[in-house]
Every structure is written in structure tokens, then in C-alpha cells.
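Here the structure comes first, spelled out in C-alpha cells, and everything after it is commentary.
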Amino acid sequence: MKIMDVIKRIDAVPIPEQTVITQLKHEEDDEPYQVWKIDTGTARYILKEAKEDEAETYSLILSELNDNCIPVVYERISIGENIYLLMEYVDGENLCNCNRSKLTLGLNALMSLQRKTWNNQSLSNYGYSFEKSLRGRQNRGNYLDDPLLEEGYQKFMRMYHTVPRALCYDDLLPFNVIASDNRAVLIDWECGGILPYPTAFARLIAHGEDRENALFFMTAEDRAFAIDYYYDNLLKQMGISYTQWRNTLEYFLLFEYCEWVFVGNKYGAQNSEFYKKYLPIAKQQANKIKWMEQQQI
58 MKIMDVIKRI
68 DAVPIPEQTV
78 ITQLKHEEDD
88 EPYQVWKIDT
98 GTARYILKEA
108 KEDEAETYSL
118 ILSELNDNCI
128 PVVYERISIG
138 ENIYLLMEYV
148 DGENLCNCNR
158 SKLTLGLNAL
168 MSLQRKTWNN
178 QSLSNYGYSF
188 EKSLRGRQNR
198 GNYLDDPLLE
208 EGYQKFMRMY
218 HTVPRALCYD
228 DLLPFNVIAS
238 DNRAVLIDWE
248 CGGILPYPTA
258 FARLIAHGED
268 RENALFFMTA
278 EDRAFAIDYY
288 YDNLLKQMGI
298 SYTQWRNTLE
308 YFLLFEYCEW
318 VFVGNKYGAQ
328 NSEFYKKYLP
338 IAKQQANKIK
348 WMEQQQI
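Numbering (my numbering), first residue to last: 58 to 354.
Here it is in C-alpha cells:
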């Protein structure tokens, strides 16, 4: 399907002949993906080819929340088995070069959505559900090839079943948060659903680094701020103790650090830069969890 054939089917907004169509690229590798910016000269929009889970998340979960921290969907275009979403273009900066102001706006957006969906069973089967998320997590645990990581990961999986659930985006990396002067918007909801509450937060902070030219720049001070701010402004209200929160977060960070260990072992890429980087980080985190548990005995 040529993208101009899709654009010709748009009814929600006028698309004049002089409209400029630009295909966007992934932040991490500069490869094009199935998202286009539409600039009519007087307005800008995003057109995205979406999977069924994402379209369902927008139509059955996000549309019910009436929250300005998610992009407006103007139209769904179905062509055969393909689904396209015409959405609001959000102007601003992502969190790849994080600062305290943008980070606070991003956390406020996440907390607003989670506050409205905390333990909401009526939405639990829509979009990227808990049951769907389990498949990937179980698969990741099968390729760690290290007793220490496997032990910690099994404990993570047990915790994953027990903590409260709320709306999460399972891939809330910093480039999926767009912040302006007074608003942050969470975009690209391919893996959005009612999931264990730390899922999105852990993803957001796990890979930040305090070094020049880092893909995700975040200082240690901002990371500590985020952990406490999220607790003080959401979790405390939900009856979760600070100690419980900090312990729980450590398991979800282990899950994040095991991602590239899984990729390297499954695809024989143990010589990759990311595998060599994250294997010691994951093992350090597993040891931290082991030590933490010993202190609680």
C-alpha cells in the first residue's frame, strides 16, 4: 500500500495538494518506520500504521480517559488488514536529553494516566494485556544462560504477577515522551495496556546515563528525583510503603537490564556492544537483589 493511497482516504481533515509528507525515522538507528508527518502548511498531523493492539488501546482505553497527555486520534483508516491512525502532531522535545523540568512533566503525564486506571479490571483485556505481556517476559527468562540472572529473574516473574496494575506503556523509552512548556505527551502506544504499575516507570529511567553523547542522558540526581517524585505523588496515595516501592523497582530494573542479555544469547550476538555493556549491569543488579533479600531476613 502506497502512503499516498492512504492519505487520499483521509476524511477527518482537509489534505491539500501542496501537503508535504515526511517519513519519520527511529531515534536509535535512524531507520525509517511506518510513521509519517503530514504538513499541510496550516496544520501538521501524524499518520501511523498501527497494529491491532495499539488501535484497540487508543479506541477502548485512551479515548475514555479524557487526558491531554495522550495524542488526539482524528481518524482510523482500515485498508484490508492494515490500520492507519491519523493523530495530533505534538510539538516539543523528547526526554533523550533529560532535564528536571521535562522529566517532571513526563512523570505527571504517566501518573495522571495511572491514577485514572489503578487496578481497573474493566480495561484489563484491551490492547497489550497482562496475558500478552507474559509471553515476552517468559521468553526473555529462557535465554539468560546464567544461574545468578535466572534466579533473580524468576523472583521478578513472581513479583510481576502480584503487584497492582495500572495503564502502562511497555516501551516508555525517553524518545516516546514529548514535552513542551507546560505539557508532556506519551506517544507510540504499541504495547499499552493494564500492566504491573512499575513497568513504564522502570523502562523510562533504566537506560539513562550521565555521560556526554549518551542516547538517553539522565543524571543520577534526576533519576533519584524521579523515583521519589513518582512515589510521593502517586504510590503513597495508593497505600504502598516507600520501602516496598524501592524493593519492587529493583526487580523491574533487572528485567530491563536483561533485555540485551536475552537478545545476545538468543541470536548469538554475545560480541555485540550492548550485550557486553548490559551483561555486567544485569549481574550487578541480580547481586543487589540478592543482598537486599538477605538484609530482610
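The beta carbon of each residue, even a glycine, is placed where N, CA and C say it ideally should be.
Classify I95 as buried or exposed, calling it buried when 16 or more other Cβ atoms lie within 10 Å of its own Cβ. Buried, since its Cβ has 16 or more Cβ neighbours within 10 Å.
Who are the near neighbours of G325 in its chain, counting only those whose CB is closer than 8 Å to its CB and skipping five residues on each side? none
By DSSP's criteria, D202 is part of a beta bridge. Which residues make up the other side? DSSP, once it has assigned bridges, lists no residue as partnering D202.
Scan the region 75-157 and note each continuous beta strand (DSSP E) run of 3 residues or more that stays entirely inside, going in chain order. 77-82, 89-96, 101-107, 130-136 and 139-145
Please report the straight-line C-alpha distance between N156 and S237, rounded to a whole angstrom. 12 Å
Just to confirm, is the Cβ distance from K206 to K345 under 8 Å? Lys is not the amino acid found at residue 206; the sequence shown has Leu there. Cβ atoms of L206 and K345: not closer than 8 Å.
Are any of the Cβ atoms in chain C nearer than 8 Å to that of E266? Reference to chain C is not applicable here, since this structure consists of a single protein chain.
Counting Cβ pairs, one atom from each stretch, are 3 or more of them under 8 Å apart for the region 171-183 and the region 239-251? Segments in contact, yes.
What residue ranges within the region 197-248 form continuous alpha helix (DSSP H) runs of no fewer than 4 residues, ordered along the chain? 204-217
Which residues does DSSP list as the beta-bridge partners of L167? None; L167 has no bridge partner.
What did DSSP end up calling E266 once you bin it into helix, strand or coil? strand
Since P71 is in the alpha helix (DSSP H), which residue starts that stretch and which ends it? No alpha helix (DSSP H) holds P71; DSSP gives it neither H nor E.
Does the beta-carbon distance from A283 to L160 come in below 8 Å? yes
How about R260 and E313: are their beta carbons less than 8 Å apart? yes
How would you call H264, buried or exposed, if buried means at least 16 neighbouring beta carbons within 10 angstroms? buried
Residues near D202 in its chain [Cβ-Cβ closer than 6 Å; skip 5 each side]: Residues of the same chain with a CB within less than 6 Å of the CB of D202, apart from the 5 flanking positions on each side, are N322 in chain order.
Out of A257, L292, Q91 and I103, which has the shortest C-alpha to C-alpha gap to P231? A257
Beta-carbon within less than 8 Å of K108's beta-carbon, same chain only, minus the 5 sequence neighbours each way: which residues are those? Cβ within range, chain order: I140 and E247.
May I ask you to report which of helix, strand or coil DSSP gives I60? Looking at I60 - three-state DSSP - the assignment turns out to be helix.
Continuous alpha helix (DSSP H) stretch holding D285: start and end: A277 to Y287
For the candidate residues Y115, S135 and I136, whose alpha-carbon lies nearest to that of C126? Y115
Here's the rule: buried if 16 or more other CB atoms are within 10 angstroms of the residue's CB, otherwise exposed. What is L142? buried
Candidates Y200, D110, L167 and V130: closest to S186 by CA position: D110
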